[in-house]
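Asks: Provided herewith is a single structure, encoded as structure tokens, for subsequent inquiry.
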Amino acid sequence: MELISIIVPVYNGEIYIGRCLDSILEQTYQNLEIIIIDDGSSDRTGDICEKYLLEDRRIKYFYQENRGQSVARNNGVLRCTGDWIAFLDSDDVYLPYSIEVMYNIQKATNADIVLTSIGNFNNTYNTSINSQYLKEIKLYTLEVALEEMYYGKTYGVSPLAKLYPRSNLLSNPYPEGKIHEDMDTTFKLISCASKIAVCDIVTAVVYFSDNSTTRTKFNERMLYFFEAIQNNIVFINLNFPHNTSLISAVIYNEVFGGIDICGKMIDFKLYDTVDYYRKKYRKYFKTILFNNRISVKEKVKYILFISSIRYFTIVRKIYNLRLSRNG
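The sequence shown begins at 5 in our numbering and counts up by one.
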């Protein structure tokens, strides 16, 4: 069996790092190297990791000054020795068979990248698996793989639930000091692959902590999303100028990713910047409305955003209130 490196960036994760590491140690695939990169934690994260380090020789722990998740990921890639790499955020977990499934998919297809699904902790998953999933493997062309990534139904831009060759990550490091750095990296990693294997089976389960990007308040580093998605658009237009379905997919990601960030900007009364994107996204009206892959709920969200900041803000506050009540 080949050595697979699992990189776990962590920052102030004393509450959940143990749960994360336990899920890795319980993997049915045992030939693992576990690289923990502590991004300057000020709580008991380091003490907890040191305890695990003494219990399992496969674990390696490194501390760095606080420089962000992208730097932590890059340092993990540089320090690991496996030919294949998987990432797991410190507040998330693997199912017991996760690495075995991704490894078996790679072996069955000789793929250069394996893309599987992310689950939500509110759902229930089997802790064992049979070989039936091998019949569900799909081999995607680059264009189809990118299109599905932008819609994010089976997999998205997150590095979770993916198996990468180390060489490709060395060639395409994450941009440092950014939020939404995945948006500027995953399309490059998929584009490096000559064979892309996809399987709609959950291998990583996500918990939304207070540190997660989806729940953090706006800060200026989030604006990198707009630069990153523009890099995607330039790449698509340059390489696939006649693929209208792929172009529609990247526009979908641009618009709805942008709307989410604009919602955070509204909380800080950055109305001029929000108004700029409202006007920009109006030009996509027909593209959004006539795209049958976009739900009615999302289309309503889009129409509210381009029509009225006031109505959009009211609906968003109601939604966030319901979300907070549901935990």
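All C-beta atoms, glycine included, are put in the ideal place defined by N, C-alpha and C. Predicted, not measured: the structure shown is a model, and the values here were computed from it.
Figure out for me which residue from Tyr56, Thr113, Tyr168 has the closest Cα to the Cα of isoleucine 141.
Replies: For the residues Tyr56, Thr113, Tyr168, the minimum Cα distance to isoleucine 141 belongs to Thr113.
Asks: Along the chain, where does the alpha helix (DSSP H) that runs through threonine 190 open and close?
Replies: Here the alpha helix (DSSP H) through threonine 190 covers 190-195.
Asks: Any idea if threonine 131 is buried or exposed, counting beta-carbon neighbours within 10 angstroms, 16 or more meaning buried?
Replies: Per the 10 Å Cβ criterion, exposed.
Asks: What is the DSSP secondary structure of glutamate 180, counted as helix, strand or coil?
Replies: In the structure shown, glutamate 180 sits in coil (DSSP, three-state: anything other than H, G, I, E or B).
Asks: Is the beta carbon of tyrosine 168 sitting closer than 8 Å to the one on isoleucine 117?
Replies: Yes, Cβ-Cβ distance for tyrosine 168 and isoleucine 117 is below 8 Å.
Asks: Considering only their Cβ atoms, is the gap separating proline 100 from glutamine 34 smaller than 8 Å?
Replies: No. Outside cutoff.
Asks: Any contact of the stretch 260-267 with the stretch 228-244, i.e. 3+ C-beta pairs under 8 Å?
Replies: Yes, they touch.
Asks: Compute the Euclidean distance between the alpha carbons of leucine 146 and serine 299, then round it to the nearest angstrom.
Replies: Distance between the alpha carbons of leucine 146 and serine 299: 25 Å.
Asks: Does alanine 76 come out as helix, strand or coil in the three-state DSSP assignment?
Replies: In the structure shown, alanine 76 sits in a helix (DSSP, three-state: H, G or I).
Asks: If you measure between the beta carbons of alanine 149 and threonine 120, is that distance less than 8 Å?
Replies: No, Cβ-Cβ distance for alanine 149 and threonine 120 is not below 8 Å.
Asks: Helix, strand or coil, according to DSSP, for glutamate 37 in the structure here?
Replies: Strand, per DSSP.
Asks: Rounded to whole angstroms, what is the Cα-Cα separation between valine 12 and phenylalanine 91?
Replies: Those two C-alpha atoms are separated by around 6 Å.
Asks: Buried or exposed, going by whether 16 or more other CB atoms sit within 10 Å of the CB of isoleucine 322?
Replies: Answer is exposed; the Cβ neighbour count stays below 16.
Asks: So valine 14 and threonine 49 are in contact, right, with Cβ under 8 Å, and what is the actual spacing, rounded?
Replies: Contact flag correct, Cβ pair sits at about 6 Å.
Asks: Let me know if threonine 189 comes out buried or exposed under the rule of 16 or more other beta-carbons within 10 Å of its beta-carbon.
Replies: Burial call: buried.
Asks: Where does aspartate 186 land, buried or exposed, given buried means 16+ other C-beta within 10 angstroms?
Replies: Label assigned to aspartate 186: buried.
Asks: One question on the structure: do tyrosine 144 and valine 202 come within less than 8 Å of each other, judged by their Cβ atoms?
Replies: Closer than 8 Å, so yes.
Asks: What three-state label does DSSP hand tyrosine 98 in the structure shown?
Replies: Strand, per DSSP.
Asks: I'd like to know whether the C-beta atoms of tyrosine 56 and leucine 25 end up nearer to each other than 8 Å.
Replies: The answer is yes: Cβ separation under 8 Å.
Asks: Using beta-carbon positions only, say whether isoleucine 240 and leucine 227 come within less than 8 Å of one another.
Replies: Cβ atoms of isoleucine 240 and leucine 227: not closer than 8 Å.
Asks: Quick check: the stretch 174-183 against the stretch 149-160, are there 3 or more CB pairs under 8 Å?
Replies: The stretch 174-183 is not in contact with the stretch 149-160.
Asks: Exposed or buried, what is tyrosine 315 when buried is set at 16 or more other beta-carbons lying within 10 Å of its beta-carbon?
Replies: Flag for tyrosine 315 reads exposed.
Asks: Whole angstroms is fine: what's the gap from threonine 218's alpha carbon to asparagine 324's?
Replies: Residue placement at threonine 218 is flagged as unreliable, the pLDDT there being 49, under the threshold of 50; the coordinate-derived value follows with that caveat. The alpha-carbon atoms of threonine 218 and asparagine 324 are separated by roughly 11 Å.
Asks: Using DSSP bridges, identify the partner residues of proline 245.
Replies: Paired residues: none, contrary to the question.
Asks: Assuming asparagine 16 contacts serine 46 (C-beta within less than 8 Å), just tell me the rounded distance between them.
Replies: Between serine 46 and asparagine 16 the Cβ distance is about 6 Å, and since that is below 8 Å, they are a contact.
Asks: Contact check, lysine 301 vs lysine 268 under 8 Å by CB: the rounded distance?
Replies: Their Cβ separation, rounded to whole angstroms, is 20 Å, which puts lysine 301 and lysine 268 out of contact at 8 Å.
Asks: What number of angstroms, rounded off, separates the C-alpha of lysine 305 from the C-alpha of phenylalanine 229?
Replies: Going by the C-alpha atoms only, they are around 19 Å apart.
Asks: For leucine 242, count neighbouring C-beta atoms within 10 Å of its own C-beta (all shown protein chains included) and say buried if the count is 16 or more, exposed if not.
Replies: Flag for leucine 242 reads exposed.
Asks: Check each candidate in Val206, Leu274, Ala115, Ile10 and name the one with the smallest Cα separation from threonine 158.
Replies: Of the candidates Val206, Leu274, Ala115, Ile10, the one whose C-alpha sits nearest the C-alpha of threonine 158 is Val206.
Asks: Please report the distance separating the alpha-carbon of phenylalanine 271 from that of lysine 192.
Replies: Residue identity differs from the one stated: residue 271 is aspartate in this sequence, not phenylalanine. Computed Cα separation, rounded: 33 Å.
Asks: Rounded C-beta distance between isoleucine 310 and arginine 286? I'm assuming under 8 Å.
Replies: Rounded, the Cβ-Cβ distance is 5 Å, consistent with contact.
Asks: Assuming tyrosine 20 contacts aspartate 42 under a Cβ cut-off of 8 Å, what Cβ separation, rounded to an integer in Å, is found between them?
Replies: Not really, about 14 Å apart at Cβ, beyond 8 Å.
Asks: Could you work out which residue in Pro245, Ser252, Asn127 is closest to phenylalanine 289 when comparing CA atoms only?
Replies: Ranking the options by Cα distance to phenylalanine 289, first place goes to Ser252.
Asks: With H, G and I counted as helix, E and B as strand and the rest as coil, what does DSSP make of isoleucine 322?
Replies: Helix, per DSSP.
Asks: Give the DSSP bridge partners of leucine 201, in chain order.
Replies: Reading the sequence as shown, one finds alanine at residue 201 and not leucine. Bridge partners of alanine 201: Val118, Leu143.
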